[in-house]
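The number in our numbering is simply the position in the sequence shown, starting from 1, with 325 added.
From the three backbone atoms N, C-alpha and C, an ideal C-beta is built for every residue, glycine too.
Please read these numbers as outputs of a predicted model, since none were measured by experiment.
Here the structure is laid out as structure tokens; the discussion comes afterwards.
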Amino acid sequence: MKTLFLCSYFAGVQPLFEKFAEQHELEKKVLFLPTAGNVEEYRDYIDEGRAVFADLQFEVALLDIAEVTEAVAREKITQTPCLYISGGNTFYLLQELKRKNLLSLIRERINQGMVYIGESAGAIIASSDISYNQIMDDKHLAPDLTDDAALGLVDFSVLPHWGEFPFEETAEQTAAVYEGQLKLLKLTNQQAVLVDDDNYAAENS
């Protein structure tokens with residue numbers, strides 16, 4: 326069983342997530358990973374994401390995987406029914422997940438029924454490889470990342486913030502370079518893609 330909710334901007338798709346939570350009868354507990362935002366100047370979307378969960382009366386546990394031991398991170402991920410990974414720098418996020426050896430655990434937990442919710446960088450790492458996002462994100466912020474292989478949960482690659490300020494140009498450049506090589510799924514800030522096992526559909530908020 327694989328249940329994913331992937332989006333560009335979590336606060337922009339709150340109605341979609343509320344419907345998703347009801348349909349899947351989600352246990353209202355979420356482990357919230359803000360780590361991707363550590364190297365970003367603008368981080369308001371992290372507070373906005375937490376506010377969405379608060380509005381929907383989720384119990385939120387915050388975990389910055391860059392700040393804890395591998396053992397602590399593994400224990401928290403093993404115990405949570407829902408994992409939320411926020412936006413920020415995708416390469417830094419992947420570097421920290423790999424530093425703590427968490428990719429295989431996350432895949433295993435998803436197969437066991439943990440619901441995965443990814444916003445922007447958190448949605449991009451659901452693909453098999455994040456190299457395509459080097460136009461939008463600065464790869465130099467992850468100096469210890471040796472390869473771009475990611476979670477491999479889906480056979481498409483989310484291209485977030487399609488047509489959205491201030492990413493219009495980098496999103497279009499990414500599409501121009503990679504459209505022929507990858508199955509790019511362009512998402513505006515008002516869209517999310519819902520994945521159930523191997524079926525997926527993009528929806529508008």
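Where residue i sits in the DSSP three-state scheme
| i | result |
| --- | --- |
| V393 | coil |
| A451 | coil |
| K542 | Residue 542 is absent from the model: the chain starts at 326 and stops at 530. |
| D469 | coil |
| S411 | coil |
| E343 | helix |
| G443 | strand |
| V377 | helix |
| A475 | coil |
| L419 | helix |
| S333 | coil |
| K401 | helix |
| G362 | helix |
N- and C-terminal bounds of the beta strand (DSSP E) containing residue i
| i | result |
| --- | --- |
| R355 | What sits at residue 355 in the sequence shown is Val, not Arg. Note, V355: beta strand (DSSP E), 354–358. |
| E350 | Premise fails: E350 is in no beta strand (DSSP E) and is neither H nor E. |
| V502 | Segment 493–503 is the alpha helix (DSSP H) holding V502; no beta strand (DSSP E) there. |
| D521 | 516–521 |
| K464 | That residue, K464, is in no beta strand (DSSP E); it is neither H nor E in DSSP. |
| A527 | 524–529 |
| E384 | 384–387 |
| L512 | No beta strand (DSSP E) holds L512; DSSP gives it neither H nor E. |
| V483 | 482–484 |
Cβ distance (whole Å) where residue i is taken to contact residue j below 8 Å
| i | j | result |
| --- | --- | --- |
| Y417 | L466 | 5 Å |
| V355 | F378 | 6 Å |
| I371 | L427 | With 8 Å as the limit, I371 and L427 do not qualify as a contact, their Cβ atoms being about 19 Å apart. |
| R434 | T394 | Wrong, their Cβ atoms sit about 18 Å apart, outside the cutoff. |
| A376 | G413 | Not really, about 17 Å apart at Cβ, beyond 8 Å. |
| A474 | T415 | Their Cβ separation, rounded to whole angstroms, is 13 Å, which puts A474 and T415 out of contact at 8 Å. |
| A398 | K425 | 5 Å |
Rounded C-alpha distance that separates residue i from residue j
| i | j | result |
| --- | --- | --- |
| T513 | S411 | 16 Å |
| K401 | R432 | 15 Å |
| N436 | F492 | 33 Å |
| A517 | E528 | 6 Å |
| A448 | E494 | 20 Å |
| L358 | L408 | 8 Å |
| L507 | L419 | 19 Å |
| K353 | P340 | 16 Å |
| D469 | D522 | 32 Å |
Where the alpha helix (DSSP H) through residue i begins and ends
| i | result |
| --- | --- |
| S429 | 428–436 |
So does the region 436–447 actually touch the region 379–389, counting three or more Cβ pairs closer than 8 Å? Contact between the region 436–447 and the region 379–389 is absent: fewer than 3 CB-CB pairs across the two stretches fall below 8 Å.
Quick check: the region 346–353 against the region 453–461, are there 3 or more CB pairs under 8 Å? With the rule of 3 Cβ pairs closer than 8 Å, the region 346–353 does not count as touching the region 453–461.
On the three-pair Cβ rule with 8 Å, is the region 334–342 touching the region 494–511? No, because fewer than three Cβ pairs between the region 334–342 and the region 494–511 fall closer than 8 Å, the two stretches do not touch.
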